[in-house]
Amino acid sequence: MKIGAQLYTVRDFCKDLEGFAETLKKISDIGYRTVQVSGTCAFSPEWLKAQLDKNGLECVITHTPADKLTGDPAGVAKEHDVFGCRYVGLGWFGFDEEKEGQGLENFLKIYRPVAAKLRESGKYFMYHNHDGEFKKYKDKLIIEALAENMPSDEMGFTLDTFWVQAGGGDPAQWLEKLSGRVPCIHLKDYAYGRKMAVIGEGNINFDRVFEKAESSGTEYMLAEQDDCCGEDPFDCLKRSYEYLRSRGFE
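Each position in the sequence shown, counted from 1, maps to that position plus 4 in my numbering.
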């Protein structure tokens, strides 16, 4: 398994192309060779490829805006071809049955065709969970219903360790349950007070996470921290990198 950085952690430094380019250099200088592109300013796929090549980086997954995914999934796939990225991610869906257009059936109606079109184009649609997917819908958790109703060869899960635990789940157990559908996962630790923490500085049992990720077919483990609690996000990513390297991951 390879380790990488989820750029959503440093989104505040990627609001224009100049800042985005400098951020990629800083990520490379830490030692990362793999990234997820998420939460940045707009960019052309050619620009991203040039910057990745310049810094010795590989983008393995994105979070792509919902309107782009639903409006032109084939075009999204072609853009990902330019910078050599197979996994196309959606970062969030509301799953609020009381709000129009945010129920489980709405998700299936909208994203089944998107996932199928991406598969036709050689890509794999990835859904990223938060804690809301651990609510019950009828007699099942939403994440269970998603796994049952979306074909496994068309949609995987970017399982997020913090949000699984925030939803009351066990990250390692859910890696096992979704085995074969978790090529990319987000690593962030969970500290007292429901705070996000640097990997290894909170309370998640990462020994079990690593074990189950390996057996479940995970290819990329991406360090992420949506909220760095007042600390420098680059320093947080550096400490996560050093922890993962100390565990033998590259």
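Using N, Cα and C, we set each Cβ at its ideal position, and we do this for glycine too.
Residue i vs residue j beta-carbon contact at 9 Å
| i | j | result |
| --- | --- | --- |
| residue 114 | residue 74 | yes |
| residue 245 | residue 88 | no |
| residue 46 | residue 31 | no |
| residue 6 | residue 218 | no |
| residue 240 | residue 13 | yes |
| residue 96 | residue 132 | yes |
| residue 160 | residue 128 | yes |
| residue 41 | residue 224 | no |
| residue 202 | residue 229 | yes |
| residue 135 | residue 165 | no |
| residue 93 | residue 130 | yes |
| residue 91 | residue 188 | yes |
| residue 77 | residue 125 | yes |
| residue 158 | residue 116 | yes |
| residue 37 | residue 52 | no |
Whole-angstrom distance between residue j and residue i, CA atom to CA atom
| i | j | result |
| --- | --- | --- |
| residue 108 | residue 55 | 38 Å |
| residue 39 | residue 144 | 33 Å |
| residue 137 | residue 16 | 27 Å |
| residue 238 | residue 147 | 31 Å |
| residue 141 | residue 149 | 8 Å |
| residue 69 | residue 251 | 34 Å |
| residue 167 | residue 86 | 31 Å |
| residue 180 | residue 210 | 14 Å |
| residue 58 | residue 233 | 31 Å |
| residue 105 | residue 183 | 29 Å |
| residue 214 | residue 191 | 10 Å |
| residue 216 | residue 176 | 6 Å |
| residue 101 | residue 204 | 36 Å |
| residue 33 | residue 103 | 44 Å |
| residue 236 | residue 243 | 11 Å |
Residue i, DSSP secondary structure in three states
| i | result |
| --- | --- |
| residue 6 | strand |
| residue 168 | helix |
| residue 233 | coil |
| residue 188 | strand |
| residue 193 | strand |
| residue 112 | helix |
| residue 54 | helix |
| residue 173 | coil |
| residue 206 | coil |
| residue 93 | strand |
| residue 46 | coil |
| residue 226 | strand |
| residue 72 | helix |
| residue 19 | coil |
Bridge-paired residues (DSSP) for residue i
| i | result |
| --- | --- |
| residue 162 | 132 |
| residue 38 | 62 |
| residue 199 | 195 |
| residue 141 | 144 |
| residue 84 | Partner(s): none; residue 84 has no beta bridge. |
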